[in-house]
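Undergrad: Once you've had a glance at the structure underneath, I'll fire off some questions.
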Amino acid sequence: MIVGIKIRKYNMRPNYEPLKTSKRNHCKAMTGTSQRKKKRGTLVCSPYAMYELGLQLCPRQKQAIEDSGNLLKINKIHIDRNLCNEIARSYDKEKEAFNINGTFITMTLDDVYCLLGLTSKGEKIFEAPKINKPKLFNLYKKEGQTTITLQALQEAIFNSSSYDDHFIRRFILFSIGSFICRTTQRYVRSEYLNLVDDMDKMSELNGSSLILNQLMKGILSFREKTTKAY
């Protein structure tokens, strides 16, 4: 029996509060991007949520998810919305690289591995398999709800000192929904259950490829929308 962790409930935040900065300190627009007024969009990736979750885990729980790379080392950094916009707009589809002030920079699986420590070997994952897992789905969603919400996953982790397979699955699903493959929705898509179903194979999954492919998919979609807008 391990000592229970302190239970603290938090309201989920999309990001940690921005630092107060003066206008003169804002990043200058990158070369080649339009100076027209742009829609700010919605910033959904939440390193703060991952940082906050890590604070509540006991040593045994942290040990149980030691194969999750650097997800427990994520700090409560502020992601600048305008900078994200400019970087996404700088992506050159033909060269498959970001044009940063005239220098083309690529993003590779090795880069993702270096940053997050997730496996970058094995078969590449572009999308989670669309196969229903009703038992896991009903187990991880709240009664009366039709989705596996981030709040339900967070509360289940906070309210238990367990470090079994269900804890590991909830942690991975929460990481996917709040940080790795985050969308504007407050829940985790049910197809991601297919990635955590087999515990023996989970550590072998090419997590870096999933992140990179979802990132590129989002950037290409963003570029297409912004191109049509002008």
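Mind the numbering: the sequence shown is residues 3 to 232 in our numbering, read in order.
For each residue, glycine too, the CB sits at the ideal point set by N, CA and C.
#1: Kindly give me the distance between the Cβ atoms of residue 71 and residue 118, rounded to whole angstroms, as I take these residues to be in contact under 8 Å.
#2: Please name the residue, chosen from 65, 122, 98 and 50, that lies closest to residue 163 on a Cα-to-Cα basis.
#3: For residue 105 versus residue 208, is the C-beta distance shorter than 7 Å?
#4: What residues match up with residue 94 in a beta bridge as DSSP calls it?
#5: Could you check which residue in 210, 186 and 136 has the C-alpha nearest to that of residue 152?
#6: Look up residue 150 in the DSSP assignment and say whether it is helix, strand or coil.
#7: Where do the ends of the alpha helix (DSSP H) carrying residue 170 lie?
#8: Excluding the 5 residues preceding and the 5 following residue 194 in the sequence, name in chain order all residues of the same chain whose CB lies nearer than 7 Å to its CB.
#9: Output the boundary residues of the alpha helix (DSSP H) element that contains residue 139.
#10: Less than 7 Å between the C-beta atoms of residue 75 and residue 53, yes or no?
#11: Indicate the three-state DSSP secondary structure (helix, strand or coil) for residue 186 in the structure shown.
#12: Mind checking who residue 105 pairs with in its DSSP beta bridge?
#13: Span of the alpha helix (DSSP H) holding residue 63?
TA: A quick look at the data gives this:
#1: Residue 71 to residue 118, Cβ: 5 Å. Contact.
#2: 65
#3: no
#4: 99
#5: 186
#6: If DSSP states are grouped into helix, strand and coil, residue 150 belongs with the strands.
#7: 167-177
#8: 130, 175 and 178
#9: 136-142
#10: No, the Cβ-Cβ distance between residue 75 and residue 53 is not below 7 Å.
#11: coil
#12: According to DSSP, residue pairing for residue 105 in a beta bridge involves 102.
#13: Membership of residue 63 in the alpha helix (DSSP H) is indicated by the continuous run 61-66.
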